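Read through the structure below, which is laid out as C-alpha cells, and then see the notes.
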Amino acid sequence: MKKFAAWCFCGAAALALLSGCTSVESTQKFNGLGLSERGDKAVCHTFVEIPCYTFWGIPLIGGSAAGSGKMSIFQNNADVESVMHLLTSEIRSKNGARVINAQTFMIEQPACLGLLTKRVMQASGTGVRTRTEARDRAVQQFDQEPVPSY
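Counting in my numbering, the sequence shown runs without a single skipped number right up to 171 at its last residue.
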C-alpha cells in the first residue's frame, strides 16, 4: 500500500511540475504573406500561455511571468497583465516596434470534484514595425555605440 501511495504522489508531483510551466512561442515564417497593413512589416507572431492550478481559489502551482519554461508556487500569474508583459517582451526581442491584433483569452475549468481548478490565460499578437521605426532604431543603436579612442 505504501508503494502505491508513493507512486501516486510522485505521479501527481510530476504532472504538476510538467503542466505548470509558462509557454512563449514565436514564428517569423509567413510563407510570403503579409500579416499587417501595407505600411507595416510583420516581424513575428507570438503566442503566450500561463496555466495556474488552485485549491479552493488558493494558487498552488502555475506558470511564471518571468519567461518561458518558468513556474511559480503559490502565485497566480494567470492574468492579463502577465501574459501581455510576456507578449510584448517577446515581440520587442524580435525587433518589433508595435503589437497589432493582440487578443487575450482565459479558460477556467474544475479539475478534481470542484476542489482543484485549472485556469489558463492566453495571449497572441503580431509584432510589426514600419520603415521609419526601423530607421529610428538603427540610428539609436548607432548613437549608443562607443566612440573609439586612439
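Glycine residues also receive a C-beta, built at the ideal position from the N, C-alpha and C atoms.
The model shown is predicted, which means the values in this text are computed figures rather than measured ones.
Shortest Cα-Cα distance from G83 to any of C65, K139 and Q165 involves K139. Within its own chain, the residues whose Cβ lies closer than 7 Å to the Cβ of E129, once the five positions on either side in sequence are excluded, are T138 and R140, listed in chain order. Taking the CA atoms as reference points, V45 sits about 21 Å from F95. The beta carbons of N98 and I71 sit closer together than 8 Å. Per DSSP, D100 lies in no alpha helix (DSSP H) and is assigned neither H nor E. The alpha carbon of C133 has as its nearest neighbour, out of R156, W77 and K23, the alpha carbon of W77. Check the Cα spacing between I121 and each of M142, D157 and L108: the tightest is with L108. The Cβ neighbour count for R152, taken over all protein chains shown within 10 Å, is under 16; the residue is labelled exposed.
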